[in-house]
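Student:
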Amino acid sequence: MKKKSIICILASFLSILVLLPVQAQSALPRVTDQADVLSSEEESSLREKLDEISKRQKVDVVAATVNSLEGMHVQNYADQFYYENNYGYGENKDGILLLISMEDGDWSISTTGFCTTAFTDVGLDHISEKFLPMLKEGKYYDGFLEYADLCDDFLTKAYSGTAYDSHNLHKKSVSPFWIPGSFIIGFIGTLFIAFIKKSELKSVKLRASAREYANEGSMSLTESTDRFINRTVTTRKIVKNDESGGGSSTHIDSSGTTRGGTSGKF
């Protein structure tokens with residue numbers, strides 16, 4: 006009787022597990038360095054960072070390097086790499102992947118699900134402008150770290166209801182020190198220039214009135230009048246910036262999945 010009760014409890018427990026949503030495991034970790042551009046320490050550190058961001062933001066944030074694109078376009082390769090390795094959270098496979106190929110210096114970002122709207126075209130351009138200089142200098146670890154931090158910030162902004170786009174592009178916060186610091190530096194600079202100008206005017210003495218600056222008998226004013234001659238009006242057309250643009254362009258990959266993304270060379 007006791008054995009039968011244990012079996013019933015286990016059966017009930019298993020049935021509950023079946024009903025719970027399960028996050029599919031990808032075939033590869035969130036950092037895949039097939040081209041060996043990262044040291045083992047860098048790869049481990051980056052993996053921990055991407056795992057933490059991914060679990061907290063509930064999307065897969067992935068970084069990958071490969072030696073060759075095997076004749077494919079880099080965007081198609083990135084999309085296929087994401088699909089074949091089963092990346093993504095939930096039914097919509099939410100996630101973002103940065104893939105670089107060392108063969109010809111190609112790179113691509115592929116977005117899926119929620120990340121398609123979280124990372125707009127303008128947002129992806131902004132992110133790539135930040136990490137590309139590091140890739141060009143061979144600082145791949147630094148470039149991936151910059152990518153990770155920006156992804157984290159963009160996702161937080163998107164979850165708040167307004168993704169970064171053309172009218173509210175992401176900007177790094179300025180240290181509070183620079184606000185009073187700028188005033189102090191400006192004041193010191195102005196004071197320094199004023200002392201220099203003052204030292205150059207030592208030969209000039211203060212006069213009580215303008216009459217004292219004129220030589221006696223050098224000018225005889227017999228008549229003084231004001232006469233209006235003309236008026237000049239200058240107009241300038243102010244063109245308002247159109248902030249209605251933006252958003253994300255998408256494409257359908259070979260698996261039939263709608264994705265966003267961008268690509269280029271470094």
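Under our numbering, the letters of the sequence shown match residues 6 to 271, in that order.
Even for Gly, the Cβ is constructed at its ideal location relative to N, Cα and C.
What three-state label does DSSP hand T116 in the structure shown?
Tutor: Looking at T116 - three-state DSSP - the assignment turns out to be strand.
Student: For R264, report the span of its beta strand (DSSP E) as first-last.
Tutor: R264 -> beta strand (DSSP E) spans T263 to K270.
Student: How far does the beta strand (DSSP E) with S49 in it reach, from first residue to last?
Tutor: Taken as a continuous stretch (DSSP letters only), S49 belongs to no beta strand (DSSP E), being part of the alpha helix (DSSP H) at S45 to Q62.
Student: Report, in whole angstroms, the separation of the C-beta atoms of K141 and F271, which I expect to be a contact under 8 Å.
Tutor: So it is a contact: roughly 5 Å between Cβ atoms.
Student: Should Q85 be counted as a contact of the ligand NAD given a C-beta to heavy atom distance under 7 Å?
Tutor: This structure lacks the ligand NAD; in fact it carries no ligand of any kind.
Student: From E75 to M107, what does the alpha carbon distance come to, in whole angstroms?
Tutor: Going from the Cα of E75 to the Cα of M107 covers about 12 Å.
Student: Quick one: using the 10 Å Cβ neighbour count with 16 as the cut-off for buried, is S254 buried or exposed?
Tutor: Counting Cβ neighbours within 10 Å, S254 comes out exposed, since fewer than 16 surround it.
Student: Specify the secondary structure class of S133 as computed by DSSP and reduced to three states.
Tutor: Helix, per DSSP.
Student: Leaving out the 5 sequence neighbours to the left and right, which residues in its chain are closer than 8 Å to G251 when beta-carbon positions are compared?
Tutor: These residues qualify, in order along the chain: T125, D126, V127, D170, S171 and H172.
Student: State the Cα-Cα distance for the pair E47 and Y92, rounded to the nearest angstrom.
Tutor: Straight-line Cα distance between these residues: approximately 22 Å.
Student: If the criterion is Cβ atoms closer than 8 Å, does the pair S114 and T267 meet it?
Tutor: The question names Ser, yet the displayed sequence has Ile at residue 114. Yes. Within cutoff.
Student: Does V127 come out as helix, strand or coil in the three-state DSSP assignment?
Tutor: Of the three classes helix, strand and coil, the one that applies to V127 here is helix, per DSSP.
Student: Tell me whether L160 sits in a helix, a strand or coil according to DSSP, three-state version.
Tutor: Helix at L160.
Student: Who does A68 pair with in a DSSP beta bridge?
Tutor: Answer is V36 and L103, bridged to A68.
Student: Hey, would you say V66 sits closer than 8 Å to I58, going by beta carbons?
Tutor: Contact flag set, yes.
Student: Could you check the C-alpha separation between N246 and S45 for me, to the nearest Å?
Tutor: Only weak support is given to the placement of N246: the predicted model assigns it a pLDDT of 46, under 50, and the question is left unresolved by the model.
Student: State the Cα-Cα distance for the pair G269 and W112, rounded to the nearest angstrom.
Tutor: Roughly 6 Å between the two C-alpha positions.
Student: With a threshold of 16 other CB atoms inside 10 Å of the CB of Q80, please say whether the residue is buried or exposed.
Tutor: Per the 10 Å Cβ criterion, buried.
Student: Tell me, please, which residues DSSP counts as bridged to T167.
Tutor: None; T167 has no bridge partner.
Student: Alpha helix (DSSP H) containing Y87: first to last residue?
Tutor: Per DSSP, Y87 belongs to the alpha helix (DSSP H) from V79 to E89.
Student: For D111, which of helix, strand or coil comes out of DSSP?
Tutor: D111 falls in the strand class under three-state DSSP.
Student: Tell me whether V42 sits in a helix, a strand or coil according to DSSP, three-state version.
Tutor: Three-state DSSP puts V42 in coil, outside helix and strand.
Student: Going by DSSP, what residues sit across from H256 in a beta bridge?
Tutor: H256 is bridged to R264.
Student: Under a three-way DSSP split, which group does Y146 fall into?
Tutor: Y146: helix per DSSP, three-state reduction.
Student: Would you report the Cα separation of G148 and L104, rounded to the nearest angstrom?
Tutor: Taking the straight line joining both Cα atoms gives about 12 Å.
Student: Quick check on this structure: which residue in T167, N72 and K63 has the alpha carbon closest to the alpha carbon of T37?
Tutor: Answer by Cα proximity: N72.
Student: If you reduce the DSSP assignment to three classes, tell me which class Y152 lands in.
Tutor: DSSP places Y152 in helix when its eight states are reduced to three.
Student: What does the Cβ neighbour count give for R35, buried or exposed, with the cut at 16 atoms within 10 Å?
Tutor: Per the 10 Å Cβ criterion, buried.
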